[in-house]
Amino acid sequence: MAWFKKTKEIKAEKKVKIPEGLWVKCDSCKEIIYKKEIEKNLQVCPKCNYHFRISASERIKLIADEGSFVEMDADLSTTDPLDFKDTIPYKDRLEENKKKTGLKEAAIYGNATINQRPVVLAIMDFSFMGGSMGSVVGEKISRAAERALEDKIPLIVVSSSGGARMQEGMFSLMQMAKVSAAISKLKESGILYITILADPTFGGVTASFAMLGDIIIAEPKSLIGFAGPRVIEQTIKQQLPENFQRAEFLLEHGMIDIVVERKELKNTIYKLIEHFMPQPLNEG
2 MAWFKKTKEI
12 KAEKKVKIPE
22 GLWVKCDSCK
32 EIIYKKEIEK
42 NLQVCPKCNY
52 HFRISASERI
62 KLIADEGSFV
72 EMDADLSTTD
82 PLDFKDTIPY
92 KDRLEENKKK
102 TGLKEAAIYG
112 NATINQRPVV
122 LAIMDFSFMG
132 GSMGSVVGEK
142 ISRAAERALE
152 DKIPLIVVSS
162 SGGARMQEGM
172 FSLMQMAKVS
182 AAISKLKESG
192 ILYITILADP
202 TFGGVTASFA
212 MLGDIIIAEP
222 KSLIGFAGPR
232 VIEQTIKQQL
242 PENFQRAEFL
252 LEHGMIDIVV
262 ERKELKNTIY
272 KLIEHFMPQP
282 LNEG
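What the sequence shown shows, in the working numbering, is residues 2 to 285, in sequence order.
Below you can see the structure in the form of structure tokens.
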């Protein structure tokens with residue numbers, strides 16, 4: 002008697018092909034999430050609230066009033082002062098990044114309004130060579146500070162960078178001093194300077210203008226520091242605390258002023274401007 006005779010032939014299960022680009026893995030919680038769900042949530046993970054990196058154009062739409070942003074010095078472009086070559090020549094690397102991102106550099110700036118309040122807005126884009134600060138990035142941030150001083154309106158800078166650009170050597174490092182000097186003039190004149198630290202903000206950017214704000218805001222779970230955690234652990238030969246260099250850790254230890262979710266960022270900036278630089282009442 003055939004006790005184990007199969008009455009029906011079991012058909013092999015068909016594998017369902019999932020089109021690429023429909024799902025995204027969160028860098029923080031490692032969950033696989035439907036891409037459109039993240040897009041609807043302003044590029045924020047619905048599981049753990051990690052804020053994904055966004056482009057400069059997306060950031061402008063998030064912070065500035067619709068249609069109010071007017072870019073300045075859009076034609077500034079980087080030269081190759083050291084004739085630098087690593088795996089490929091620096092000039093070729095620049096061209097690759099221009100084609101990939103549609104940007105000419107890792108920062109843009111211009112005039113804008115936030116809830117009808119005029120501001121100068123400068124934004125770094127990590128997708129262009131890791132948001133690294135070269136001569137043009139430093140020049141743009143400096144000019145943004147000068148314009149804010151001239152117009153006597155707040156300066157808002159969004160940082161997202163791996164630090165100084167090694168391909169420009171000392172020319173890149175000089176930007177730290179140049180930008181810091183421009184920002185010091187704002188402070189002397191009582192012009193409000195707000196910095197927003199996005200994931201990640203490191204190196205010479207952190208060591209200069211990113212941490213010089215009158216108010217320092219960070220997005221949730223953003224990595225912020227000078228050297229990376231692995232380098233620090235190897236240097237001090239100790240294990241670092243959990244969530245070391247995350248925005249929440251820095252807030253707890255007094256390095257930043259406030260952690261703000263992306264959906265609340267525009268209104269938070271507006272409230273700070275209204276509090277620290279209130280508009281005078283119209284006479285008559």
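Glycine included, each C-beta is placed from N, C-alpha and C at the ideal position.
CB-CB under 6 Å to Phe277, same chain, minus the five flanking residues each way: which ones, in chain order?
Leu193
With DSSP as the reference, label Ser78 as helix, strand or coil.
coil
Straight-line CA distance for Ser162 to Glu234?
21 Å
Which runs of the alpha helix (DSSP H), 4 residues or longer, sit entirely within the stretch 181-263?
204-207, 230-237 and 248-253
DSSP three-state label for Arg118, please.
strand
Could you compute how far the alpha carbon of Ser56 sits from the alpha carbon of Ile237?
35 Å
Inter-residue spacing [alpha-carbon to alpha-carbon] between Ser78 and Asp93
14 Å
Buried or exposed for Lys86, going by 16 or more other Cβ atoms inside 10 Å?
exposed
Can you round the beta-carbon distance between Ile124 and Val159 to whole angstroms, since I take them to be within the 8 Å contact cut?
5 Å
Looking at the unbroken alpha helix (DSSP H) that takes in Lys86, where does it start and where does it end?
Premise fails: Lys86 is in no alpha helix (DSSP H) and is neither H nor E.
Nearest CA to the CA of Val260: which residue from Pro230, Ala75 and Lys222?
Lys222
Nearest to Gly22 (by Cα), restricted to the options Glu32, Leu266, Lys37 and Pro279
Lys37
Could you check whether Gly103 and Ala165 sit closer than 7 Å to each other, using their CB atoms as the reference points?
no
Quick check on His254: buried or exposed, where buried means 16 or more other Cβ atoms within 10 Å of its Cβ?
exposed
Does the beta-carbon of Cys30 have 16 or more other beta-carbons within 10 angstroms, so that it is buried, or is it exposed?
exposed
What is the DSSP secondary structure of Ser133, counted as helix, strand or coil?
coil
Can you list, in chain order, the residues of its chain whose CB lies under 6 Å from that of Pro119, leaving out five sequence neighbours each side?
Ile154
Can you name, in chain order, every residue of its own chain whose Cβ lies under 7 Å from the Cβ of Glu147, other than the five neighbours on each side?
Ala183
Where Pro47 and Lys26 are concerned, what is the direct C-alpha to C-alpha distance, given to the nearest angstrom?
12 Å
Please classify Ala178 as buried or exposed, where buried requires at least 16 neighbouring CB atoms within 10 angstroms.
exposed
Taking the C-alpha atoms as reference points, what is the distance between Gly191 and Glu32?
45 Å
Paired residues, beta bridge with Val71 - DSSP:
Asn112
Sorted by chain position, which residues of the same chain lie with C-beta nearer than 6 Å to Gln168's C-beta, five sequence neighbours on each side aside?
Phe85 and Tyr91
How should Gly68 be labelled, buried or exposed, when 16 other C-beta atoms within 10 angstroms of its C-beta is the threshold for buried?
exposed
Nearest residue (CA-CA) to Gln280, options Ser136, Gly135 and Gln117:
Gln117
Identify, in the order they occur along the chain, each residue of the same chain with its Cβ nearer than 6 Å to the Cβ of Asp258, setting aside the five sequence neighbours on each side.
Ile216 and Ile217
Just confirm the distance between the C-beta atoms of Lys267 and Ile115, as a whole number of angstroms; I'd bet it's less than 8 Å.
6 Å
Where Glu140 and Phe245 are concerned, what is the direct C-alpha to C-alpha distance, given to the nearest angstrom?
32 Å
Bridge partners - His52, DSSP secondary structure assignment:
Val45
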